[in-house]
Amino acid sequence: MTRRSRIVLAVGAVAVLGLLGAGAVLIVPALATQPVAPGRTAPAAPVRAIAAPAPAAGEVTISGRVVDLVLQRPVAGVEVVLRGEAGDAAATTGRDGGYAIRVARGAYRAFVRSDTVLSLGRRDGPRLPWHPPAEIARVPDEGLMAAVVATGDTAGVDLAVVRPGIVAGHVVDPRGRPVAGAVLHAMTAGMRPVLATDIAESAADGSFELRLPPGRFELVADHPRFAGIDGPTTRAVRPDQRIDLTVSLTPGCVISGSVAAPGGGRAGDGAIERQWGTGDLEFAPVGAVDADGAFRWATTDDAEVTLRAWPWRSPPSQARRFRCRDGARFDGVVFQVADERPDLDGALVDRAGRPLAFAFLDLRPLDPGGVGQQERTGASGRWAVYRVPPGRYRAVAQAEGGVASAVIASPHHDARLELGGTGRLEGTTPHLASGSFELVLERCFDGTEAIALPQSRRMVAVTGGRFAVDALPACPLSLAALWHGRSAAQQVAIPAGGVARLELELGEPRDKTVRGVVRDAAGEPVASAVVSVVRPDDPTRVAATVHTDARGGYTVRAFSGAIVRAAAGGKIGRALVGGANIDAEQVDVVIGDDADD
624 MTRRSRIVLA VGAVAVLGLL GAGAVLIVPA LATQPVAPGR TAPAAPVRAI
674 AAPAPAAGEV TISGRVVDLV LQRPVAGVEV VLRGEAGDAA ATTGRDGGYA
724 IRVARGAYRA FVRSDTVLSL GRRDGPRLPW HPPAEIARVP DEGLMAAVVA
774 TGDTAGVDLA VVRPGIVAGH VVDPRGRPVA GAVLHAMTAG MRPVLATDIA
824 ESAADGSFEL RLPPGRFELV ADHPRFAGID GPTTRAVRPD QRIDLTVSLT
874 PGCVISGSVA APGGGRAGDG AIERQWGTGD LEFAPVGAVD ADGAFRWATT
924 DDAEVTLRAW PWRSPPSQAR RFRCRDGARF DGVVFQVADE RPDLDGALVD
974 RAGRPLAFAF LDLRPLDPGG VGQQERTGAS GRWAVYRVPP GRYRAVAQAE
1024 GGVASAVIAS PHHDARLELG GTGRLEGTTP HLASGSFELV LERCFDGTEA
1074 IALPQSRRMV AVTGGRFAVD ALPACPLSLA ALWHGRSAAQ QVAIPAGGVA
1124 RLELELGEPR DKTVRGVVRD AAGEPVASAV VSVVRPDDPT RVAATVHTDA
1174 RGGYTVRAFS GAIVRAAAGG KIGRALVGGA NIDAEQVDVV IGDDADD
């Protein structure tokens, strides 16, 4: 496995700023895929009408709620911020979580600022391992904030938050003395706090504090004098929980130096790879080379390690072996990159033929003996891939402007990869008149295989039961729409330069009267059967219960999409209430399965 064997796309999120017509807002959180490796829904409370002066010419009012993502409850007393070119506009939520902010028409970044809750965003997993610098600790990351385009007064722009857990303590050296200037980073499964509270630098007394989303995390530490943390680094935190830790750093083994380009000078950025087997293909990335060709790699392993450098658009360097032990230091190491001709090269362009700078592409082997690789274009949109065994490969790329997929046989030169363009999605939400939902793009299908897309969560505004999203990749697209913890999965073909249409079953389900008959497997009516109405997303949540009469009949108040469950004599049956916009519906149930199935 080489540095380039990773073949799941993880490029930067595409900003989708679709205009939904007069008085519309499209919110697009700049979120993306997770790194490649590894509640019950309550009815929404109405948005409180917040008194505000009539907007001046060129101004609009954006209003909505802040909602606890897990509990689906409004959050009061927190600050909603819209960040624009002229600065921040803010408002504090009321008792029902409602807010309203007057701003000039334009583009903004939205987030919630509070000590009690976190706004979260999702970034692409790094192509190569990295350590965040101390300078970004507690610095708001605009790339994680929701992008808001305000074109008119819009209500129902809801922002989800979570209650954090706190991880705090002290960083010490092997003798128990405090360590200042250690950068701690709690890595979670893709979701990061917008205010970068998952990164902290230890103070003079070694103290630190992290505020994290609930769930598992891996704690890593970076310091010039140490290689990492001595002891377990994976923990889990619950909402409102506080975990106190003493983080002990170990000297470990540190290897540092530079990467030399063919013909002299330093190479550009790329990967530091470690060999995990004996063959030339059994390398994997463990670190990164800086843009100036410098690198520093550390390990707490006591072992012999073999490393090499592999900059972008270059062949790898010769491998070098190091005997690592606690306290070992190898400074001034130079990895020399060989002078070779690429096996594959070409250009990546958008649909208009414009070159795409610093975009990633992946090679997926189609023949036995092939090796998956990843590469990045240069400033001119050119790419070059080295050490590619002969055979057919599928080249896949994704960037703003669509996706590209083509079969290329190695060796081949001057290949042209062109993005397929983008299109527009327009749709309706029959059960949601106004508000917003999150749109998650999952994958494109090119006829032979799926092309993974950045898992960007885009909050889309709904006005009058209608929505629209621009700049979606033109392809057969798999997506999910999330509303108040409920998900609706869909597939839709987005045409290049055209419009696709879709209806989403979002919003509060319609209440209706359900009548029916419960029968056994032989078709005979079942008297005194217990009939329950349960939520499809939480079968333990029972909305209503009745018993059948002597002829097996029942009548119950239910809602569209509910599951009607009937049980009698140790047997059970289920049926689904339809989504039709009607007041009453006939739903018969046949019982026959064992009740514990």
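For the sequence shown, this note's numbering begins at 624 and goes up steadily by one.
All C-beta atoms in this analysis are idealised placements derived from N, C-alpha and C, irrespective of residue type, glycine included.
The model shown is predicted, which means the values in this text are computed figures rather than measured ones.
Buried versus exposed call for residue i [16 or more other C-beta atoms within 10 Å across all chains shown]
i, result
"L1199", "exposed"
"S937", "buried"
"V1141", "buried"
"L649", "Low confidence applies here, because L649 scores a pLDDT of 41, under 50, leaving its location unreliable; read the following figure in that light. Classification of L649: buried, given that the 10 Å Cβ count is 16 or more."
"Q941", "exposed"
"P816", "buried"
"P1159", "exposed"
"A672", "Residue placement at A672 is poorly supported in this model, since its pLDDT is 31, which falls under 50; the coordinates are not used for a value here."
"V960", "buried"
"E1061", "buried"
"D845", "buried"
"V1171", "Before going further, note that residue 1171 is Thr rather than Val in the sequence given. Label assigned to T1171: buried."
"R1110", "The question names Arg, but residue 1110 in the sequence shown is Ser. By the 10 Å Cβ count, S1110 comes out exposed."
"E896", "buried"
"Q997", "buried"
"V1083", "buried"
"A827", "exposed"
"P847", "exposed"
"P837", "buried"
"A713", "exposed"
"S1151", "exposed"
Within 7 Å, strictly: CB atoms of residue i and residue j
i, j, result
"A907", "W899", "yes"
"S1003", "P1034", "no"
"G720", "P697", "yes"
"G1130", "T1052", "yes"
"G788", "L743", "no"
"V957", "F945", "no"
"P939", "G891", "no"
"R725", "T777", "no"
"L1076", "L971", "no"
"E1065", "L1102", "yes"
"V1213", "G1193", "no"
"I822", "P755", "yes"
"G992", "P965", "no"
"D1206", "K1135", "yes"
"R1188", "V1157", "yes"
"G1044", "A1119", "yes"
Rounded C-alpha distance that separates residue i from residue j
i, j, result
"D968", "F983", "13 Å"
"L632", "R999", "Unreliable positioning characterises L632 in this predicted model, as indicated by a pLDDT of 27, which lies under 50. The coordinate reading is nonetheless provided below. Between L632 and R999, the C-alpha separation is close to 12 Å."
"T857", "L842", "6 Å"
"A791", "L1105", "33 Å"
"G813", "G748", "7 Å"
"E1128", "F1090", "13 Å"
"P1099", "G1070", "9 Å"
"G886", "A980", "25 Å"
"D1037", "G1184", "54 Å"
"P678", "L1048", "Its pLDDT being 44, under 50, P678 is placed unreliably by the model, and nothing is read from it."
"R1138", "V703", "46 Å"
"R800", "V784", "37 Å"
"E1072", "T873", "45 Å"
"G710", "R974", "36 Å"
"D764", "L818", "6 Å"
"G646", "A859", "With a pLDDT of 31 at G646, under the threshold of 50, the modelled position of that residue is not reliable, and no figure is offered here."
"A1203", "F1182", "10 Å"
"I1117", "G888", "47 Å"
"E905", "Q1114", "38 Å"
"A1208", "R1081", "According to the sequence provided, residue 1208 is Glu. The question's Ala does not apply to it. Each residue's alpha carbon lies about 35 Å from the other."
"G1201", "P1132", "10 Å"
Beta-carbon separation (whole angstroms), residue i vs residue j, contact threshold 8 Å
i, j, result
"G875", "D949", "6 Å"
"T820", "R761", "7 Å"
"D853", "S871", "5 Å"
"V689", "L782", "5 Å"
"F953", "I878", "4 Å"
"G995", "L986", "6 Å"
Cβ of residue i within 7 Å of any chain D Cβ
i, result
"F1182", "Absent here is chain D; the protein component of the structure consists of one chain."
Three CB pairs or more closer than 8 Å across the stretch 800 to 807 and the stretch 878 to 898
Short answer: they don't touch.
I'd like to know if the stretch 1138 to 1147 and the stretch 1103 to 1123 are in contact, where contact means that at least 3 CB-CB pairs between them fall below 8 Å.
The stretch 1138 to 1147, when compared against the stretch 1103 to 1123, does not touch it at the 8 Å Cβ threshold.
Three Cβ pairs or more, each shorter than 8 Å: is that satisfied between the stretch 1087 to 1107 and the stretch 1165 to 1181?
No: the two stretches stay apart, fewer than three of their Cβ pairs being nearer than 8 Å.
Evaluate contact between the stretch 760 to 778 and the stretch 726 to 741, counting only Cβ atoms and requiring at least three cross-stretch pairs below 8 Å.
Enough Cβ pairs lie closer than 8 Å, so yes.
Should the stretch 1003 to 1021 be regarded as contacting the stretch 1051 to 1066, the criterion being three or more beta carbon pairs within less than 8 Å?
Between the stretch 1003 to 1021 and the stretch 1051 to 1066, the count of Cβ pairs shorter than 8 Å is below three; the stretches do not touch.
Can you find at least 3 beta carbon pairs, one from the stretch 859 to 867 and one from the stretch 794 to 803, that sit closer than 8 Å?
No: fewer than three Cβ pairs fall under 8 Å.
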